[in-house]
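Participant: Take a look at the following structure, please.
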Amino acid sequence: QVTLKESGPALVKPTQTLTLTCTFSGFSLSTNGMRVSWIRQPPGRALEWLARIDWNGDKLYSTSLKTRLTISKDTSRNQVVLTMTNMDPDDTATYYCARGQHLLGTLNDWGQGTLVTVSS
Amino acid sequence: QAVVTQEPTLTVSPGGTVTLTCGSSTGPVTSGHYPYWFQQKPGQAPRSLIYDTSNKHSWTPARFSGSLLGGKAALTLSGAQPEDEADYYCLLFYSNGRAGVFGGGTKLTVL
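In the order they appear, the protein sequences are chains A and B.
Numbering follows the working numbering, with no gaps: position 25 of the first sequence is 25.
Numbering follows the working numbering, with no gaps: position 87 of the second sequence is 1087.
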């Protein structure tokens, strides 16, 4: 059974750096074809794709946010970490991580999401 | 960054058929955008329905299908059920599949 869970601060101040961790079970990110992505959703608004890391270390980023994002993986701990710099109130959102597999869908299994509020 | 457009709202009668579309500001949507479709109900995480234009998951109800239609990606629901009332999002990939962009979502009402 595949599970993913996002963790991180519920509240960050403007200009701070956000660090979110996706801890997963039921698969290994060292398995050929596996990938983990981050997606966010501001309250009452649409989904936004943020970043993805693949089993081979390849990293993909949102064109509009790539200067602020860093994605990394710790295969031994079954974790994927996303950092976002220079947080702004507009970054208030529920942040999700999701698992996919090459050729079988990129966002097949989702975590429950974690709400991050940016406020001073 | 490209803009992905969807109908903001659609309504379908129970048992009816409706097609949701997904367009791109950069031009026609093709299989090279690897179109995805997701369903999201209130208070829940999204659920993937369709990947790579028309591929279904094992959990995708048979009444949902994906295609390319008139330069857009399309999600067709045939035989709508009350439980299909939800928000639907499409996702396209750009730059040789290296950057994803979601559409603004379609709120589907079954009434």
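Where is the CB? At the ideal position from N, CA and C, for every residue including glycine.
The structure presented is a predicted model; accordingly, all values stated were derived computationally and were not measured.
Between W1037 of chain B and Q16 of chain A, what straight-line distance do the alpha-carbon atoms span, to the nearest angstrom?
Facilitator: Going by the C-alpha atoms only, they are around 34 Å apart.
Participant: Around the C-beta of V2 of chain A, are 16 or more other C-beta atoms found within 10 angstroms, so that it is buried, or is it exposed?
Facilitator: By the neighbour-count rule (16 or more Cβ atoms within 10 Å), V2 of chain A is not buried but exposed.
Participant: Quick one: give me the first and last residue of the beta strand (DSSP E) that T1106 of chain B is part of.
Facilitator: That run of the beta strand (DSSP E) goes T1106 to V1110.
Participant: Compile a chain-ordered list of the residues in the region 1082–1109 of chain B whose CB is closer than 9 Å to at least one CB of chain A.
Facilitator: Cβ contacts with chain A: D1087, Y1089, L1091, F1093, Y1094, S1095, G1097, R1098, A1099, G1100, V1101, F1102, G1103, G1104 and G1105.
Participant: Any C-beta of chain B within less than 9 Å: which residues of the region 28–50 of chain A qualify?
Facilitator: Under the 9 Å Cβ criterion, the region 28–50 of chain A contributes S37, I39, Q41, R45, A46, L47, E48, W49 and L50.
Participant: Alpha carbon to alpha carbon, what distance is there between S30 of chain A and D74 of chain A?
Facilitator: So the two alpha carbons sit approximately 10 Å from each other.
Participant: With a threshold of 8 Å, are at least 3 pairs of Cβ atoms found where one atom belongs to the region 1044–1061 of chain B and the other to the region 106–114 of chain A?
Facilitator: With a cut-off of 8 Å, the region 106–114 of chain A and the region 1044–1061 of chain B count as touching, because enough Cβ pairs lie within range.
Participant: Mind checking whether A1074 of chain B and G1015 of chain B have CB atoms under 8 Å apart?
Facilitator: Contact flag unset, no.
Participant: Could you tell me which chain A residues have their CB closer than 9 Å to the CB of H1057 of chain B, listed as they occur along the chain?
Facilitator: The contacting residues are L104, G105 and N108.
Participant: Determine whether the beta carbon atoms of A98 of chain A and I39 of chain A lie at a separation below 8 Å.
Facilitator: For A98 of chain A and I39 of chain A, yes; Cβs fall inside 8 Å.
Participant: Label W1059 of chain B either buried or exposed according to how many other C-beta atoms from any shown protein chain fall within 10 Å of its C-beta, with 16 as the threshold for buried.
Facilitator: It counts as exposed.
Participant: Ends of the beta strand (DSSP E) at F27 of chain A?
Facilitator: No beta strand (DSSP E) contains F27 of chain A, which DSSP labels as neither H nor E.
Participant: From V12 of chain A to Q1040 of chain B, what distance separates their C-alpha atoms?
Facilitator: About 27 Å.
Participant: Look at the alpha carbon of V1003 of chain B and the alpha carbon of S1025 of chain B, and state the distance between them as a whole number of angstroms.
Facilitator: Each residue's Cα considered, the two are about 5 Å apart.
Participant: Looking at chain A, which residues of the region 1005–1027 of chain B have a Cβ within less than 8 Å of any of its Cβ atoms?
Facilitator: Correct list: empty, as no residue qualifies.
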